[in-house]
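Read in the working numbering, the sequence shown has 137 at position 44, and its numbers run on one by one without any break.
From the three backbone atoms N, C-alpha and C, an ideal C-beta is built for every residue, glycine too.
Remember, it's a predicted structure, so these values are computed and weren't measured experimentally.
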Amino acid sequence: MPRAYLVAGTPGVGKSTVAPALASRLGAAVLEVRELADPGEFEVQASKLSARAGSWIRRKGQDAVIATHIVFKPRGVSLLGAVVLRRNPVRLIVELEERGYRLEKVLENVEAELLGVVYLEALRKLGRGKVFQFDTTDRSVDEVVELTYKALRGGLAGEEIDWVSRLEREGGLAELLSRLSARGMQG
C-alpha cells in the first residue's frame, strides 16, 4: 500500500522546490496541493484535500510527497511524516513581494510564519513524533532535502524555531510587528 509524506509551510518557504527533490530521493511521486483544487476553487477544506489526495495516491500506486500549506492526512493512505519548512519572516516578505503577492496576502502569510501556524497545526493534527521543522532561510535545496530525508528516516530531530525570540534578539521584531499592525488598520 502506498504511503505519504507532507512537505508543508507557508507560501514562499520552499515547498515546491524541496518536495520534488525529496520525492526523487525517496523514489516517490510528487503532488502539489493546488493540483487537488477544482478550477476556480480558491480554498479547499482539509477533508476534501484528504479524500482527493488519498484517491490520487492510491491510483498512482506509489508513495507520494505532498507539497502543501494546509496540513491534512490523505484518506486511506499511511502518513509517515510531515516536514514543515520555515523561513525568516523578514526575508519571506521580500520573497512574496517578488512573486507579486498583494500586500494583504504578504502580511497574512508573514504573520502565519512568525507565529508558526502551519507547524502548530501539524503538531495538533499529526502529533509530535511525526512532525519535523527546518529553517530554509540560508540553506540550499540540497541541504534542506538532506535534512528532511534524514528526519523522515528517523535519523535526525527537527529544529526548534521561534521567530519572535530570534527577531527580538536580532533587533528586527519591532519593525516587523509595525508592518503587521498596519495590516489591521487597512481592514
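Alpha-carbon spacing of residue i relative to residue j, whole angstroms
i	j	result
A205	E191	18 Å
R246	V199	34 Å
L185	I254	15 Å
R151	V170	8 Å
K141	E125	14 Å
R262	W256	10 Å
A244	L119	12 Å
R291	Q226	This structure leaves residue 291 out entirely; the chain is present only between 94 and 280.
A139	E197	23 Å
L249	S271	36 Å
Within 8 Å, strictly: CB atoms of residue i and residue j
i	j	result
V158	A112	yes
D235	E252	no
K153	P95	yes
V164	A121	no
L115	T241	yes
L219	L172	yes
Residue i classed as buried or exposed, judged by whether at least 16 other C-beta atoms fall within 10 angstroms
i	result
A267	exposed
K108	buried
Uninterrupted beta strand (DSSP E) stretches inside the stretch 144-168 (no shorter than 3 residues): 157-161
Extract the residue ranges of the beta strand (DSSP E) inside the stretch 198-251, only unbroken runs of 3 or more that lie entirely within it. 224-228
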